[in-house]
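First the structure, in the form of structure tokens, and then the observations on it.
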Amino acid sequence: MPGQTPVLAAAICLAGPALAEPAFLDGFDTLDEDRWMISDGWSNGDWMNCTWSRDAVSLRDGHLVLQVQPETPDATGHRCGEIQSRAQFGHGTFEVRMRTGAGSGLNAAFFTYIGPVHGRAHHEIDVEILLRDTARATFNTFVEGAETNGGSAPLDGRSDTGFHTYAFTWSPESIAWFVDGAEVHRTAPGTPIPQAPQKIYASLWSSASFPDWMGPFDASSLPVEAEIDWIAFTPLGAPCAFAASVLCGGR
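Mapping of the sequence shown onto this note's numbering: residues 201 to 451, in sequence order.
Written out as structure tokens, the structure is:
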């Protein structure tokens, strides 16, 4: 798996909006807690039936492993795993190589977000694998709290039988999503696009509140994992930074 790359100084001049975070590639040989914060001790709302827990985040064989864990006598509800970047990022290409488990009522997500918890309006760009259907990826955005530009695409092979690379390129005018190097979805011309810098998140969580969307929650499938080989960011306009990137023709 790729290791961590040093800061690419040339990228500092190329990112937007407002922030200029440099390119990075994190291959999770270690968990860099200067870059990542582990969500721990809370949930995002009553619609989740799990609590973010450091115990549901680990490293194994060079992969970041996020889990939804069964209830245990010493835990309140299920435990689920999430990391989030400490920095906020502007326009650029965001990429993850991931393999998921399978199970109804579960969501494996790679996304950018800023919102009321940060004292800002809600802006978000999503890649989600609803583990009720591991043959498809879904995509979405929120702009000032309004949902827009949703879509989905089939995978060439299920997300629980092998790794896939998911990416999106965010510019001031549009967002394009990619799976295994091929563009599969794009925002409609003239529709609102998030412009606020956002944090990067990777998570695996459960819910019984959205049976029509995520499927009825099935605790018998637990524990379920999402394995992440690497996460990367390249500022808009910066050159291809590593061979596996969609910007270099990687799949």
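Where is the CB? At the ideal position from N, CA and C, for every residue including glycine.
Close beta carbons around residue i, own chain, < 6 angstroms, minus the five adjacent residues each side
i, result
"Gly449", "none"
"Val207", "Bear in mind that a pLDDT of 36 at Val207, under 50, signals an unreliable position, so the model cannot answer this."
"Thr338", "Glu328, Ser352"
"Asp380", "His364, Thr365, Arg451"
"Gln267", "Ala256, Gly281, Pro423, Glu425"
"Met237", "Gln284, Arg286"
According to DSSP, residues forming a beta bridge with residue i
i, result
"Thr300", "Ala426"
"Glu383", "Phe378"
Simplified DSSP assignment, three categories, for residue i
i, result
"Ala256", "helix"
"Ala346", "strand"
"Ala388", "coil"
"Pro394", "coil"
"Leu225", "strand"
"His176", "Residue 176 is absent from the model: the chain starts at 201 and stops at 451."
"Ala419", "helix"
"Val207", "Here the model assigns Val207 a pLDDT of 36, short of 50, so the residue's position is not dependable and the matter cannot be decided."
Spatially closest choice to residue i from the options, by CA coordinates
i, options, result
"Glu383", "Leu266, Thr293, Pro273", "Thr293"
"Leu264", "Glu233, Pro273, Glu373", "Glu233"
"Trp252", "Pro354, Glu271, Asp360", "Glu271"
"Trp370", "Leu355, Pro354, Thr341", "Thr341"
"Ala346", "Pro372, His318, Leu330, Ile393", "Ile393"
"Val424", "Phe442, Leu330, Trp413", "Leu330"
Contact set for residue i: own chain, Cβ-Cβ below 8 angstroms, skip 5 residues either direction
i, result
"Ala388", "Asn349"
"Asp255", "Gln269, Arg279"
"Phe433", "Glu221, Ala223, Phe224, Phe289, Gly292, Thr293, Phe294, Glu295, Ile400"
Opening and closing residue of the alpha helix (DSSP H) in which residue i lies
i, result
"Asp412", "411-414"
Span of the beta strand (DSSP E) around residue i
i, result
"Glu282", "278-285"
"Asn309", "A quick correction: the sequence has Ala, not Asn, at residue 309. From DSSP, the beta strand (DSSP E) with Ala309 extends over 306-314."
"Ser445", "Taken as a continuous stretch (DSSP letters only), Ser445 belongs to no beta strand (DSSP E), as it is neither H nor E."
"Arg267", "Sequence inspection shows Gln at residue 267; the Arg mentioned does not correspond to that position. Counting along the chain, the beta strand (DSSP E) containing Gln267 begins and ends at 263-269."
"Met248", "No beta strand (DSSP E) contains Met248, which DSSP labels as neither H nor E."
"Thr365", "364-370"
"Ser406", "399-406"
Contacting residues, own chain, Cβ-Cβ under 7 angstroms from residue i (five flanking each side not counted)
i, result
"Arg358", "Thr334, Ala335"
"Leu447", "Thr293, Thr434, Cys440"
"Trp240", "The question names Trp, but residue 240 in the sequence shown is Asp. Taken in chain order, the residues that qualify are Trp252, Ser253, Arg254."
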